[in-house]
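Below is one structure, written out as structure tokens; the observations come after it.
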Amino acid sequence: MSNNTPPAVPPRPIGTGLAWIGTVLWLAISALVFFGFSGGEAALDPLRVLMVPVAVLGPVALIWIAAILSQRMDALARSLSGVRAPGDLAEMSKKLDTALAAISRPTYTTPTTVAQPKPASVQAALRLDPKPDAEVEPLSVGDLISALQFPADADDREGFRALRRALSDHHGKIVVTAAQDVLTLLSQDGIYTDDLSVERARPELWRRFATGERGARIGAVGGIREEEPLALVTQRLRVDTIFRDASLHFLRVFDQLLARVEPRLSDGELAQLSETRTARAFMLLGRALGTFD
41 MSNNTPPAVP PRPIGTGLAW IGTVLWLAIS ALVFFGFSGG EAALDPLRVL MVPVAVLGPV
101 ALIWIAAILS QRMDALARSL SGVRAPGDLA EMSKKLDTAL AAISRPTYTT PTTVAQPKPA
161 SVQAALRLDP KPDAEVEPLS VGDLISALQF PADADDREGF RALRRALSDH HGKIVVTAAQ
221 DVLTLLSQDG IYTDDLSVER ARPELWRRFA TGERGARIGA VGGIREEEPL ALVTQRLRVD
281 TIFRDASLHF LRVFDQLLAR VEPRLSDGEL AQLSETRTAR AFMLLGRALG TFD
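Quick note, the sequence shown lines up with residues 41 to 333 if you use this note's numbering.
The following block contains the structure:
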């Protein structure tokens, strides 16, 4: 069993405070050097006039660049410290693959005896009045939402139960499989939809989107606007044809899912669906591809 204890978060660097101290000290030293130890005509030397701004402002710019980089490295370290342990990810991925394979694998049975031909009258009766196969129970809204969220961890039995139900449903299997593909591809770039900040859109905007409205008026549906993950996704869409094809397929099937289930979802259920990992991937990829512009 993997250790769930999160890694120690690195200490936060001094950053801005140290930058201000360095700036003040450097400006004081510069003022003393250029104005305290010189005077007369030397102060009016054109070369000196040109060099003063460079000599004074150059180090100040370097100080603040170092401070900003330090803050960004700190934020990145804190973000990485919250990522799940590799063992948990591997175990959960294995269970997901097993669930998908179990649903996708055809079942064959070997007959123990040779079937005897039925009388013609019986064959005719079977053709005229066939017995329907056992009906598959329709996928409930709750199971659909849980499946689109995917299991929380390798021990989430309820999550895997909902996932198996969704994979047994024709439409559910299509969208869940497409979602798993893009979530796996995004994770290769260190993008996990749980970690993304989302500006939640009102349910009525999701309904308008589901019924076919597009453009800036429903742009709030694409509630992910973080620059770094959007830049990573946009760049990969340009250079990685597999990622681009998987993303376009996923956007298409998720759009079809919304159009199909929106009429039977309450506002609360629609809000829950919009907060799933699958919906967040839809927001991110749709935003990168200009769906909400």
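Even for Gly, the Cβ is constructed at its ideal location relative to N, Cα and C.
Asked: Taking only three categories from DSSP, how would you classify residue 182?; Found: helix
Asked: For the segment 289 to 306 against the segment 205 to 223, do three or more pairs of beta-carbon atoms, one drawn from each stretch, fall closer than 8 Å, so that the two count as touching?; Found: yes
Asked: If you draw a straight line from the C-alpha of residue 72 to the C-alpha of residue 241, how long is it?; Found: 57 Å
Asked: Between residue 304 and residue 238, how many whole angstroms is the CB-CB distance? I'm expecting something under 8 Å.; Found: That pair is no contact at about 24 Å.
Asked: Pull up the distance between the alpha-carbon of residue 211 and that of residue 184, whole angstroms please.; Found: 10 Å
Asked: Need the endpoints of the alpha helix (DSSP H) that residue 269 sits in, please.; Found: 267 to 279
Asked: Less than 7 Å separating the beta-carbons of residue 218 and residue 187?; Found: no
Asked: What is the DSSP secondary structure of residue 293, reduced to helix, strand or coil?; Found: helix
Asked: Do you know how far the Cα of residue 278 is from the Cα of residue 315?; Found: 27 Å
Asked: Applying the criterion that 16 or more other CB atoms from any shown protein chain within 10 Å of the CB defines a buried residue, is residue 189 buried or exposed?; Found: buried
Asked: Which whole-angstrom value describes the C-beta separation of residue 258 and residue 248, a residue pair presumed to lie in contact below a C-beta threshold of 8 Å?; Found: 5 Å
Asked: Relative to the alpha-carbon of residue 329, which residue among 283, 198, 59, 97 has its alpha-carbon at the smallest distance?; Found: 283
Asked: If you check the beta carbons only, do residue 199 and residue 191 fall under 7 Å apart?; Found: yes
Asked: Determine the contact status of residue 24 and residue 311, defining contact as a CB-CB distance below 7 Å.; Found: Since the displayed the chain opens at 41 and closes at 333, residue 24 lies outside it and no answer follows.
Asked: Just curious, the alpha helix (DSSP H) that residue 245 is in, first and last residue?; Found: 243 to 250
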